[in-house]
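Residue numbers (our numbering), protein chains in the order written: chain C, -1 to 403; chain H, 2 to 92. Glycine is no exception: its CB is placed at the ideal position from the N, C-alpha and C atoms. First up is the structure itself, then whatever we jot down about it.
In structure tokens:
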């Protein structure tokens, strides 16, 4: 009887073990299928995330702020007249510019940057670039004409160390055309080029030049370019020269033969002298318009003047990047700029400006700027040309915030 | 006479530009020291020529590729510099 009981217990134990094994197997099968399901989902997610040939993104910048200014105008032989203004987000110091970048493969890039300046919506650039070969980028469309360093490289609010722009550097501007650019090593050094063929500038009836890209007023085209050399192996110094030639007169007008020649030179030096990062930048532009005869808007008499304009700026900024304290976020900046327009023209002036700035960097691309600007403009205009003689002094205080996104 | 002078000046500029482009095909050698530069070193040297050095975390892997092409058109980086800087920022 005891034996039968033992056999019974053994059979029961075997049955329980078999049942347990089946149960574990069933659980394992369930676990395996769950795992396979999860892997399939992850594989799909990875497939969804694969880069593909094309990529689209939005970057851009915004700048806004406050400016308080006092303008004193003194006409010859009279007392100065003072006007004061306080402005939030005015047209000169406000900007919202989203930049749309579309990359197709590794060789094609479309860039489009509309811009709202507080009054109007314009376009900063809309062009396509083809990376044709090492050192050769072909771009076509509407782009910043290569001339100097300020307009193309330093004008963005989150890059510029001071709130305003130096006067007289807005020419030639942005234009429709085709261009070529690239950079090459040269032993220890490096050099680059950036050339373009575009529609060109327009000479207005008073002899002033209108920015490129607004009207194509003649059959002639504008050839512009900049060549730069970086003589040190650490790229700390860049020296550039620029040149431009354009037909500028309206077709069929008295200015048909008018041509513009521009020359420029620029320098860019950035180096750390521990604990300070020293940043020096400068540019000089000279514009020559071939002699023309203009008609006075006052009495319709004919007159002429030497239509030569020059503009320049020199800037230095210092930031204690090597400091461990919050001081490393501060940057001191100073800029001197000069803008001399033709004496005897309607807009003749000798303009000087000093800008003093203290910036606080909230991040590498976010800055809060305090700038004090003091300018003096002595009119060299002609009353016959429709100008107003006098001396204008402007003192301005800016508080400006800028971010790249 | 002035017209001729202006035309001559224009031709000199055109010839100058062509000479510059011709240089492209004759001066593309770099020495070993330059060739050995890391992406981090090139990032530090080139970005700060115009603006503060960007944080690698600012953009995604794919975005850096696009931003790299955009910056090459602005700073006239060489192709090797662009590729090394992008690779560093993608890490």
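Among the options, which has the Cα closest to the Cα of residue i?
| i | options | result |
| --- | --- | --- |
| residue 259 of chain C | C/230, C/300, C/217, C/200 | C/200 |
| residue 265 of chain C | C/301, C/225, C/271 | C/225 |
| residue 173 of chain C | C/156, C/184, C/154, C/121 | C/121 |
| residue 116 of chain C | C/103, C/178, C/79, C/94 | C/94 |
| residue 391 of chain C | C/249, C/263, C/352 | C/352 |
| residue 10 of chain H | C/138, C/275, C/288 | C/288 |
| residue 449 of chain C | C/50, C/140, C/71 | Outside the displayed range of chain C (-1 to 403) lies residue 449 of chain C, so it cannot be described from this structure. |
| residue 136 of chain C | C/111, C/194, C/185 | C/194 |
| residue 185 of chain C | H/13, H/33, H/85, H/72 | H/33 |
| residue 153 of chain C | H/62, H/70, H/52 | H/52 |
| residue 81 of chain H | C/207, C/132, C/45 | C/132 |
| residue 272 of chain C | C/359, C/241, C/366, C/321 | C/321 |
| residue 360 of chain C | C/156, C/37, C/43 | C/156 |
| residue 377 of chain C | C/364, C/371, C/349, C/128 | C/349 |
| residue 160 of chain C | C/279, C/52, C/128 | C/279 |
| residue 236 of chain C | C/218, C/276, C/256, C/190 | C/190 |
| residue 165 of chain C | C/355, C/383, C/336 | C/336 |
| residue 346 of chain C | C/384, C/330, C/400 | C/384 |
| residue 257 of chain C | C/219, C/393, C/106 | C/219 |
| residue 338 of chain C | C/104, C/206, C/118 | C/206 |
| residue 36 of chain H | C/329, C/245, C/231, C/394 | C/231 |
Looking only at its chain, what residues have a beta carbon closer than 8 Å to the beta carbon of residue i, apart from the 5 residues adjacent to it on each side?
| i | result |
| --- | --- |
| residue 188 of chain C | 181, 182, 227, 228, 233 |
| residue 167 of chain C | 146, 148, 149, 281, 283, 309, 311 |
| residue 248 of chain C | 200, 201, 215, 216, 254 |
| residue 57 of chain C | 96, 97, 99, 402, 403 |
| residue 62 of chain H | 91 |
| residue 144 of chain C | 150, 177, 179, 192, 193, 194, 222, 223, 224, 240 |
Specify the secondary structure class of residue i as computed by DSSP and reduced to three states.
| i | result |
| --- | --- |
| residue 31 of chain C | helix |
| residue 18 of chain H | helix |
| residue 37 of chain H | coil |
| residue 152 of chain C | helix |
| residue 73 of chain H | helix |
| residue 82 of chain C | strand |
| residue 483 of chain C | No answer is possible for residue 483 of chain C: the residues shown for chain C start at -1 and end at 403. |
| residue 85 of chain H | helix |
| residue 7 of chain C | helix |
| residue 64 of chain H | helix |
| residue 50 of chain H | coil |
| residue 231 of chain C | coil |
| residue 180 of chain C | strand |
| residue 39 of chain C | helix |
| residue 157 of chain C | coil |
Between which residues of its own chain and residue i is the CB-CB distance below 6 Å, once the five residues before and five after are set aside?
| i | result |
| --- | --- |
| residue 74 of chain C | 387 |
| residue 326 of chain C | 318, 319 |
| residue 79 of chain C | 71 |
| residue 139 of chain C | 124, 125, 126 |
| residue 380 of chain C | 342 |
| residue 57 of chain H | 90 |
| residue 460 of chain C | Within the shown structure, residues of chain C are numbered from -1 to 403, placing residue 460 of chain C beyond reach of any answer. |
| residue 65 of chain H | 87, 90, 91 |
What do you get for residue i, buried or exposed, if any count of 16 or more other CB atoms within 10 angstroms of its CB means buried?
| i | result |
| --- | --- |
| residue 123 of chain C | buried |
| residue 203 of chain C | exposed |
| residue 81 of chain C | exposed |
| residue 77 of chain C | exposed |
| residue 54 of chain C | exposed |
| residue 41 of chain C | exposed |
| residue 86 of chain H | buried |
| residue 243 of chain C | buried |
| residue 213 of chain C | exposed |
| residue 27 of chain C | exposed |
| residue 68 of chain C | exposed |
If I measure Cβ to Cβ from residue i and keep anything under 7 Å in the same chain, skipping five residues before and after, which residues do I get?
| i | result |
| --- | --- |
| residue 84 of chain C | 66 |
| residue 110 of chain C | 98, 124 |
Is the closest heavy atom of the ligand GTP to the C-beta of residue i under 8 Å?
| i | result |
| --- | --- |
| residue 326 of chain C | Questions concerning the ligand GTP fall outside what the structure shown contains, since it holds no ligand whatsoever. |
**Study point:** Members of the region 23 to 57 of chain H near chain C, C-beta cut-off 7 Å
**Key:** Answer set for the region 23 to 57 of chain H: 25, 28, 29, 30, 31, 32, 34, 35, 46, 47, 49, 50, 51, 52, 53, 54, 55, 56.
Check your understanding: Listed from N- to C-terminal order along the chain, which residues in the region 62 to 73 of chain H have their beta-carbon within a distance smaller than 9 Å of any beta-carbon of chain C?
Key -> The region 62 to 73 of chain H vs chain C, Cβ under 9 Å: 62, 63, 64, 66, 67, 68, 70, 71, 73.
Check your understanding: Taking Cβ-Cβ distances below 9 Å as the criterion, which residues of the region 197 to 212 of chain C are in contact with chain H?
Key -> For the region 197 to 212 of chain C, the set of residues with a beta-carbon nearer than 9 Å to any beta-carbon of chain H is empty.
Check your understanding: For the region 170 to 182 of chain C, which residues have a beta carbon sitting closer than 9 Å to at least one beta carbon of chain H?
Key -> Residues are counted here when their Cβ sits less than 9 Å from a Cβ of chain H; for the region 170 to 182 of chain C these are 178, 179, 180, 181, 182, given in chain order.
Exercise for review: Note down, in chain order, all residues in the region 233 to 260 of chain C with a beta-carbon under 7 Å from any beta-carbon belonging to chain H.
Suggested key: Residues of the region 233 to 260 of chain C with a C-beta atom less than 7 Å from some C-beta of chain H are 233, 236, 241, 243, 255, 257, 259, listed in chain order.
**Study point:** Contacting positions in the region 373 to 402 of chain C - beta carbon closer than 7 Å to chain H
**Key:** Within the region 373 to 402 of chain C, no residue has a Cβ that lies closer than 7 Å to any Cβ of chain H.
**Study point:** Selection of the region 90 to 102 of chain C by Cβ proximity to chain H, strictly under 7 Å
**Key:** Correct list: 99, 101.
Review point. Which residues, in chain order, does the region 263 to 274 of chain C contribute to contact with chain H at a C-beta distance below 7 Å?
Key: Within the region 263 to 274 of chain C, the residues whose Cβ lies closer than 7 Å to some Cβ of chain H are 266, 268, listed in chain order.
Exercise for review: Using a Cβ-Cβ cut-off of less than 8 Å, give me the residues of the region 292 to 313 of chain C that come near chain H, in sequence order.
Suggested key: Flagged: no residues at all.
Practice item. Name, going along the chain, the residues of the region 339 to 356 of chain C whose beta-carbon falls closer than 7 Å to a beta-carbon of chain H. Key: Result list empty, no residue passes.
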